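Number of protein chains: 2
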Amino acid sequence: MRIALAQLNYHIGNFDGNLQLMRNAIVKAKSLKADLICFSELSTCGYPPVDFLEFRDFIHRSMNVIHELAKESFGIGIAVGSPTVNPERAGKDLFNSAFFLSEGKVVHIAHKGLLPNYDIFDEYRYFEPAKEFSVFEFKGKKIAITICEDIWNVDNVNPMYDICPMDQMINEKPDFMLNLSASPFCFEHTQDRLDTIRNNALRYKIPIFYCNCYGSQTDIVFDGGSVVVTNNGIIHDEMPYFEECIRCYDLNEINNTQNNIEQVKIKEDLIYRALILGVRDYFKKMNFKSAILGLSGGIDSAITAVIASDALGPENVTGILMPSHYSSEGSVADAKALAENLGIHYEIIPIKDIFNSYESTLKPWFKELPANVTEENIQARIRGMLLMAFSNKFNHILLNTTNKSEMAVGYGTLYGDLCGGLAVLADVYKTEIYKLAAYINRDHIRIPQSSIEKPPSAELRPGQKDSDSLPEYSILDPILYQYIEKRKGPNEIIAHGHNQDLVLRILKMVNKAEFKRYQSPPVIRVSYKAFGSGRRLPIEGNYLY
Amino acid sequence: MRIALAQLNYHIGNFDGNLQLMRNAIVKAKSLKADLICFSELSTCGYPPVDFLEFRDFIHRSMNVIHELAKESFGIGIAVGSPTVNPERAGKDLFNSAFFLSEGKVVHIAHKGLLPNYDIFDEYRYFEPAKEFSVFEFKGKKIAITICEDIWNVDNVNPMYDICPMDQMINEKPDFMLNLSASPFCFEHTQDRLDTIRNNALRYKIPIFYCNCYGSQTDIVFDGGSVVVTNNGIIHDEMPYFEECIRCYDLNEINNTQNNIEQVKIKEDLIYRALILGVRDYFKKMNFKSAILGLSGGIDSAITAVIASDALGPENVTGILMPSHYSSEGSVADAKALAENLGIHYEIIPIKDIFNSYESTLKPWFKELPANVTEENIQARIRGMLLMAFSNKFNHILLNTTNKSEMAVGYGTLYGDLCGGLAVLADVYKTEIYKLAAYINRDHIRIPQSSIEKPPSAELRPGQKDSDSLPEYSILDPILYQYIEKRKGPNEIIAHGHNQDLVLRILKMVNKAEFKRYQSPPVIRVSYKAFGSGRRLPIEGNYLY
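Top line first, the protein sequences correspond to chains A and B.
Heads up: the first sequence is residues 1 to 545, going by the numbering used here.
Heads up: the second sequence is residues 546 to 1090, going by the numbering used here.
Below, the structure is given as structure tokens:
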């Protein structure tokens, strides 16, 4: 039996587009003499469809894709994911389902049993979990279908769930498993996922065909990396990450695989490619072509420009330099050098006249009051407004360049440098930013060395340095990591050897900045705890204040 | 037996503050000779604590409040809500629990069985649902404790749940039920809630003491309205809405009640009071005193000013008039008249010079390109920036004045009129705005009649009217309601008799505006489907595009 896996890039709610993608893949699979083709979780409608699932019309359209695909299933079996209506009165309205289509008919329907409801996942909001699972026969082989999380409770080690679908199905002695996934990228997860798939193969002693999607949905990146694992836990094939791939495998050959071909994974490489895909897909799916961003001469805007340039082509990226009287000469030179290295357009717009007009307009009220954060914010907001004016006039999308350390402690101006359609780096801590820059410059200098080496500064007042208001990033970031990623309270973090006053001050800064993050752009997620829908905290919360 | 209900205003994560509130209430209840006092759901930590629940430190602090309250329980029983650790390895880490404390000890613990996981609720993200429920005895009476949603599956009519806690407990013949709730306001829910409580009393033939909290948590308003219902379903007492209340009831008297004292509920009155509480609490809990807002002369900013003035006192409200050359004379006059009616400060700041400085700064790039939405947005953003400058310099919080119709279709400028710490009216459709204005003016004119009567306009270009870009609100709003509140698809809405092209155009506008709403301020929720955490839709979604 020949089994094709199709690692495709779906678009939420774009039913015609998704159908066309799958039709094309079926043509290719047929040309590869596949007996069946496997798509990924909710491939009819894209993942995560979130509250679109509450529209019956959306479910109908999704089911129409299934009916259309059934017409393509003559001579080839098709495994495809779709939301379906739960026919029972009791329980949630929907199931998260996988269909197996053959010869124009629905041969089998499997419903997802383990519904993730943590971090960015809200599946229990929509779906009823299945309780019973069974295999089906196709061309003399018994197939077990699982959907994504269904394989994440092997040996019942996951305390979130009390069932394990494969424990039921293995009694029916399936010949192999198909898993339809929509498994998002984070840099730790790529390896965890592979280990989990392997553990399933070893536990049940059957080959697994694991089909993930790729592509981004605003903040969430799906990395692909679909795999075929033998019944001995050997990686027979690991598809590329962050790109389309359709391959066909012979079941007999798989069972004879001896060579484990697992890919080497480098953290910075994965993050870099995830961010490029995040930017590229945002533009493609929003039907935009060109990006604009502010270039400060600093490392964050430099990396953002590199990513935009690699994602969209340098001809589609415009950098705007907006020096003030507090900007150093070096900043302008570094920003120009970067733009020239990348071959992107750049423009220099002075903000002085506009700043003066605000000052004189506000003078009757502000009188002789000393300049403070108000004036710093005005500068940052003039820059945000100029970028938005360019964006509006020339149909660019503004990319935000804030990093995770700044976003965490609220070191940024709302409606100023926090503007943008998409925050490219806001899930990358400043200490990781330096590693990413080194990775980008590994073969030749793209980011000017002085942008990397100079002390970070917002340049909003004379001689300002980030370290005036914040501890060094090498001290700040590990505390943020313990609080944000590890969910540790102050006492646990202090017990790690961090200064008590500093820990309490930083945690308070993080919590107080919630109102800014609420209005910030979506953040491309690369860690397992990004700002956005996976991290939900109250604006008025008084914890650790 | 004498039972006190304490309808209090908790602050999320403010453990000391919440403890002090409850201690004060216990003192009062003792003075009223209460045998027991009942607080509301998760009263130790405030509701909804969202991801703070993932911090063990947060749970410990919450449990400390329980231990402190136990010390106050000599001579009085105390029913109080707190998150607790689930001791079982399997299942979610936590329970949503209610403790009954007496004579320094924990007498009984009840865990919530029905966990809401829809709209603004995410309880399944954190909590394991209880499966078993039992009553306990206190001073010779058998008490059944339920927590909020636990009573929302009477007669198993709610398809979301397959158990009903009271169906188990009624077998133990309880003398009465205590329900600890954190039930948020929406104008339809106030009556539904009362009906549900009554249905429980009638079904189980026992009196119910229902204790809700009041107060707002940024976007979510809790309205109080705690009630005591007899075993015949008669409303023995209905506490006031939107305010603190501690009252004590004699169980014997309740069983003899004949008079149903249900309060009359007027939609506009409820919404108006909810919005006032929403604004007042936001400032109190964020530790801010004074508000600022832009006054356009239109009805939305006028209502926002009235609400701010009633919430904070007119002396704590500043209105800023920022006319441009497209503003009518009438607009300025109306805004002034409003400010004088209310007794709030106002200032007039011209935006012309700043606008000119943007135009001349951008001239080298914009050249002779015709003015378009770019220049309209610049005006709106200058206003936003001036308001933020005042906010920063004088420590005001900016209130956003956008209404729900505008927020739905994206009729507003990001970083411009969409700025603000809190969106006061963004869950009130324009057609409801008029009714609210009439309600506010019911006794005497506070909002100038011409603000109410003139055609809505953003005044960003000569002679502009909302109706140039949008259908009349009387046509728009019913379509938005079907789509947003009722989750109807295009065919269903068209079948209601609406024009097909118009429906498709409006639904597309709503979906395309998701990127703006993502970065908009939190919206005070008064309907059952507000923009914010209760409505989750993808920015890149292509549905109905």
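We put the beta carbon where it would ideally sit given N, CA and C, even for glycine.
Everything numeric in this text was worked out from a predicted model, so none of it was measured.
For a quick check, are the C-beta atoms of residue i and residue j less than 8 Å apart?
i          : j          : result
Tyr786(B)  : Gly760(B)  : no
Gly888(B)  : Gly842(B)  : no
Arg748(B)  : Asp700(B)  : yes
Pro1083(B) : Ile12(A)   : yes
Leu944(B)  : Glu813(B)  : no
Ile320(A)  : Phe390(A)  : yes
Ile688(B)  : Phe681(B)  : yes
Leu36(A)   : Phe138(A)  : yes
Asp51(A)   : Arg1080(B) : yes
Ser585(B)  : Asn757(B)  : yes
So residue i contacts chain A; which residues on that side make the cut at Cβ distance below 8 Å?
i         : result
Met705(B) : Gly91, Lys92
Ala925(B) : Those within 8 Å of Ala925(B) in chain A number zero; the least Cβ separation is about 10 Å.
What span of residues does the beta strand (DSSP E) with residue i cover, start to end?
i         : result
Asn886(B) : Premise fails: Asn886(B) lies in the alpha helix (DSSP H), 874-887, not in any beta strand (DSSP E).
Ala144(A) : 141-147
Ala819(B) : No beta strand (DSSP E) contains Ala819(B), which is instead part of the alpha helix (DSSP H) from 812-831.
Asn724(B) : 721-725
Ile12(A)  : No beta strand (DSSP E) holds Ile12(A); DSSP gives it neither H nor E.
Leu625(B) : The question names Leu, but residue 625(B) is Val in the sequence shown. Element bounds for Val625(B): 622-630.
Gln552(B) : 547-552
Under 8 Å by Cβ, that's how I've got residue i and residue j pegged, so tell me the actual separation to the nearest angstrom.
i         : j         : result
Ala570(B) : Ile753(B) : About 20 Å; that fails the 8 Å criterion.
Thr946(B) : Val969(B) : 7 Å
Phe672(B) : Phe730(B) : Phe672(B) to Phe730(B), Cβ: 23 Å. No contact.
Val877(B) : Pro868(B) : 5 Å
Arg614(A) : Gly233(A) : Residue 614(A) is absent from the model: chain A starts at 1 and stops at 545.
Asn200(A) : Thr230(A) : The Cβ separation is near 12 Å, so there is no contact.
Phe732(B) : Leu815(B) : 5 Å
Just to make sure I have the definition right: I need the residues of chain B whose C-beta is within less than 7 Å of the C-beta of residue i. Which are they?
i         : result
Thr44(A)  : Neighbours of Thr44(A) on chain B: none; closest Cβ ~12 Å, over 7 Å.
Arg487(A) : Glu599, Phe600
Applying a beta-carbon distance threshold of less than 7 Å, which residues of chain A neighbour residue i?
i          : result
Phe911(B)  : Lys393
Phe1060(B) : Gly421
Ile894(B)  : Thr361
Met831(B)  : Glu540
Residue i lies in the alpha helix (DSSP H); which residues open and close that run?
i          : result
Phe911(B)  : 897-911
Ser936(B)  : 918-939
Asn1036(B) : 1035-1040
Thr735(B)  : 734-749
Comparing alpha-carbon positions, which option in the options lies nearest residue i?
i          : options                                     : result
Ala880(B)  : Tyr871(B), His870(B), Ile893(B)             : Ile893(B)
Glu1059(B) : Ile1069(B), Gly1077(B), Thr691(B)           : Gly1077(B)
Tyr1073(B) : Gln1009(B), Ala925(B), His734(B), Arg926(B) : His734(B)
Ser627(B)  : Pro593(B), Ala551(B), Gly620(B)             : Pro593(B)
Gly77(A)   : Leu101(A), Ile59(A), His345(A), Tyr210(A)   : Leu101(A)
Tyr10(A)   : Leu42(A), Arg525(A), Leu422(A)              : Leu42(A)
Asp664(B)  : Asn698(B), Lys1031(B), Asn777(B)            : Lys1031(B)
Ala305(A)  : Cys38(A), Arg525(A), Tyr326(A), Tyr272(A)   : Tyr272(A)
Pro1000(B) : Lys616(B), Gln1009(B), Ile992(B)            : Gln1009(B)
Gln924(B)  : Arg991(B), Gly839(B), Val954(B)             : Gly839(B)
Ser134(A)  : Asn153(A), Leu115(A), Lys105(A), Asn171(A)  : Asn171(A)
Ala530(A)  : Val65(A), Lys71(A), Lys173(A), Ile220(A)    : Ile220(A)
Ser97(A)   : Lys131(A), Gly75(A), Ser73(A)               : Lys131(A)
Glu783(B)  : Thr763(B), Gln762(B), Glu798(B), Glu807(B)  : Glu807(B)
Ala426(A)  : Tyr415(A), Val409(A), Arg383(A), Leu53(A)   : Val409(A)
Cys583(B)  : Ile690(B), Asn937(B), Ile992(B)             : Ile690(B)
Could you tell me which chain B residues have their CB closer than 8 Å to the CB of residue i, listed as they occur along the chain?
i         : result
Asn491(A) : Asp602
Ser373(A) : As written in the sequence, residue 373(A) is Val, which differs from the Ser given in the question. Going along chain B in sequence order, the residues near Val373(A) (Cβ under 8 Å) are Asn937.
Pro521(A) : Tyr1063, Gln1064
Asp353(A) : Ser902, Ser905, Thr906
Would you say residue i touches the ligand COA, meaning its beta carbon is less than 7 Å from a heavy atom?
i         : result
Met169(A) : This structure lacks the ligand COA; in fact it carries no ligand of any kind.
Show which residues of chain B have a CB atom less than 9 Å away from the CB atom of residue i.
i        : result
His11(A) : Glu1085, Gly1086, Asn1087
Mind listing the chain A neighbours of residue i? Cutoff is C-beta to C-beta under 9 Å, in chain order.
i         : result
Gln762(B) : Pro538, Ile539, Glu540, Gly541
Arg825(B) : Neighbours of Arg825(B) on chain A: none; closest Cβ ~12 Å, over 9 Å.
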